[in-house]
Amino acid sequence: MMLLLNTPPVVQDAAAVAAAVKDDMGMLWMLIAGILVFFMQAGFFLVESGMTDSKNAVNIAMKNFLDIAVGSLAFWFIGYSLMYGADVSGGGFFHWGGFIFSQGPADLFFQTVFAATAATIVSGAIAGRTKYTTYAIFSIVLTAIIYPIAGGWEWNGGWLNAEWMPAEFIDFAGSSIVHSVGGWAALVAAWMVGPRIGKFLDGKPVEMHGHNQMYATLGVFILWLGWFGFNGGSQLAWGGDDSVAASQVVLVTNLAAAAGALSALLFTWFKNGKPNLAMTLNGALAGLVSITAGCGNMTEGGSVLTGLIGGILVVLSIGFIEKKLKIDDVVGAISVHGVAGVWGTLVIGLWGVDGDTGLGLFNGGGFAQFAAQGIGVIAYAIWGLVLSYIFLTIIKKTCGGLRVTEEEEIAGLDISEHGSIAYHGKRVRDIE
Numbered sequence: 231m232m233l234l235l236n237t238p239p240v241v242q243d244a245a246a247v248a249a250a251v252k253d254d255m256g257m258l259w260m261l262i263a264g265i266l267v268f269f270m271q272a273g274f275f276l277v278e279s280g281m282t283d284s285k286n287a288v289n290i291a292m293k294n295f296l297d298i299a300v301g302s303l304a305f306w307f308i309g310y311s312l313m314y315g316a317d318v319s320g321g322g323f324f325h326w327g328g329f330i331f332s333q334g335p336a337d338l339f340f341q342t343v344f345a346a347t348a349a350t351i352v353s354g355a356i357a358g359r360t361k362y363t364t365y366a367i368f369s370i371v372l373t374a375i376i377y378p379i380a381g382g383w384e385w386n387g388g389w390l391n392a393e394w395m396p397a398e399f400i401d402f403a404g405s406s407i408v409h410s411v412g413g414w415a416a417l418v419a420a421w422m423v424g425p426r427i428g429k430f431l432d433g434k435p436v437e438m439h440g441h442n443q444m445y446a447t448l449g450v451f452i453l454w455l456g457w458f459g460f461n462g463g464s465q466l467a468w469g470g471d472d473s474v475a476a477s478q479v480v481l482v483t484n485l486a487a488a489a490g491a492l493s494a495l496l497f498t499w500f501k502n503g504k505p506n507l508a509m510t511l512n513g514a515l516a517g518l519v520s521i522t523a524g525c526g527n528m529t530e531g532g533s534v535l536t537g538l539i540g541g542i543l544v545v546l547s548i549g550f551i552e553k554k555l556k557i558d559d560v561v562g563a564i565s566v567h568g569v570a571g572v573w574g575t576l577v578i579g580l581w582g583v584d585g586d587t588g589l590g591l592f593n594g595g596g597f598a599q600f601a602a603q604g605i606g607v608i609a610y611a612i613w614g615l616v617l618s619y620i621f622l623t624i625i626k627k628t629c630g631g632l633r634v635t636e637e638e639e640i641a642g643l644d645i646s647e648h649g650s651i652a653y654h655g656k657r658v659r660d661i662e
């Protein structure tokens, strides 16, 4: 106290100004990062559109616009309160803090675009055969209820950080909270909606090519760029040590994406004799998802290894889901987000770090962190699977089914669901 009283007023004022500037820079960083994450919706649209039939391009555009529009309102009105209500921070499961509850506009905006991302994951898995009303209702449910409650378990000091846990669960930017929850929801949705017409012949999958791999490639570049905001912005501050930490997060994010792309490229080249573009793109995305949980707790070498394994896992997982489970996941969303999300969460318990201290099994941290990560993975899997099944069953029974008719699917969802055509010249040639 005496030291504070004896501090010259000019020094006190300088400290206050520095703190205020740091707060302002942190808010600016969150807004810039949020804008980058917002732009990821364009990337998701291009990836999904490019990997599907051209007769469904308008439908995919409409779904992505719906995600950001409905997701923004639903999360603002309900979801944010469920995620950041006061009771969650006491180790609970959820709390509704009231309508339009917000701790700050920058944080609300940043969290809103995260919620919209979780909803978009489902879109790609069920493309080409799902009713627009089905997707619209489920998008509201996901952004208003399923995702926010799951987020509060970790990001608002919920039960995953309770004292009885073997260690504090870590999911820095959402490998589990955003991606695996979205991936599990996509798995249930794809299973309940069923495969596209002609996808399986005598029980064997038939390759159905997308109409524009260049769109998909551009989309992945946009997503890669947006992920720097997705992960880097999750530092939630800028200035001093926070600037260094956020910069390191961006660096390891880029390394993991590059490693994921390269491992998928080389693995498909070795496996099939030729490098596969679609799998390389999914490998990059898998690398990004894999590092999302641990981007604040990973060395540069650890991030490369995480991405390398993530890229291989996604190739194997896409084949397994299609050939063994007979589930038609059009863009590989279940594998990219669900499987890679699980891997990215668990890997913290293998070689994650906290500064210079090892947290994982392989760097002297013991079993506690891996156990905590495993509990979180299981909890989010159960939550995503069960809640998605319940709500989709309700939608199915109250809205006359989840998918369009056979005639509507063959004609294309652009025509049957929206009365519009993305490529008029091509459509005329197809009809002729």
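So the sequence shown is numbered by my numbering: it starts at 231 and just counts up by one.
Glycine included, each C-beta is placed from N, C-alpha and C at the ideal position.
Query, Result
"Measuring alpha carbon to alpha carbon, tell me which residue in Asp-471, His-648, Ser-410 and Lys-554 is nearest Ile-521.", "Ser-410"
"Exposed or buried, what is Trp-306 when buried is set at 16 or more other beta-carbons lying within 10 Å of its beta-carbon?", "buried"
"For a quick check, are the C-beta atoms of Gly-459 and Ile-265 less than 9 Å apart?", "yes"
"Cutting at 7 Å between CB atoms, please list the residues of its own chain near Val-572, excluding the five before and the five after it.", "Ser-410 and Val-607"
"Let me know if Cys-525 comes out buried or exposed under the rule of 16 or more other beta-carbons within 10 Å of its beta-carbon.", "buried"
"Please classify Lys-361: is it buried, with 16 or more other beta-carbons within 10 angstroms of its beta-carbon, or exposed?", "buried"
"Helix, strand or coil: how does DSSP classify Gly-541 here?", "helix"
"Please specify which runs of the alpha helix (DSSP H), each continuous and at least 4 residues long, are wholly inside the stretch 345 to 377, giving them in chain order.", "362 to 371"
"Ala-652 to Phe-451, Cα distance in whole Å?", "23 Å"
"Would you mind reading off the limits of the alpha helix (DSSP H) that contains Glu-647?", "643 to 648"
"For Trp-385, count neighbouring Cβ atoms within 10 angstroms of its own Cβ and tell me buried if that reaches 16, exposed if not.", "buried"
"According to DSSP, is Leu-466 part of a helix, a strand, or is it coil?", "coil"
"Is the beta carbon of Thr-364 less than 9 Å from the beta carbon of Ala-349?", "no"
"Note down, one range per segment and in chain order, each alpha helix (DSSP H) of at least 4 residues found wholly within the stretch 385 to 467.", "411 to 423 and 443 to 462"
"Counting only runs of 4+ residues fully inside the stretch 590 to 645, write out the alpha helix (DSSP H) ranges in chain order.", "598 to 628 and 636 to 641"
"On the criterion of 16 or more Cβ atoms from any shown chain inside 10 Å, does Trp-394 qualify as buried, or is it exposed?", "exposed"
"Under a three-way DSSP split, which group does Thr-587 fall into?", "strand"
"Below 8 Å on the Cβ atoms is my guess for Val-634 versus Arg-359; work out the distance and round it to an integer in Å.", "6 Å"
"Since I believe Phe-497 is in contact with Gly-540 (beta carbons under 8 Å), could you give me their beta-carbon distance rounded to a whole number of angstroms?", "Actually they do not touch by this definition, with Cβ atoms about 11 Å apart."
"In three-state DSSP terms, what is Thr-498?", "helix"
"Near Leu-453, which residues of its chain fall below 6 Å by C-beta distance, leaving aside the five closest residues on each side in sequence?", "Met-270 and Gly-273"
"For a test of the three-state rule: what should DSSP assign to Met-528, helix, strand or coil?", "coil"
"How big is the Cα-Cα spacing for Val-277 and Ser-311?", "32 Å"
"So Ser-302 is in the alpha helix (DSSP H); what residue range does that whole segment cover?", "287 to 304"
"Tell me whether Gly-280 sits in a helix, a strand or coil according to DSSP, three-state version.", "helix"
"Of all the CB atoms in chain C, is at least one closer than 9 Å to the CB of Val-544?", "The question asks about chain C, but that chain is absent: this structure has only one protein chain."
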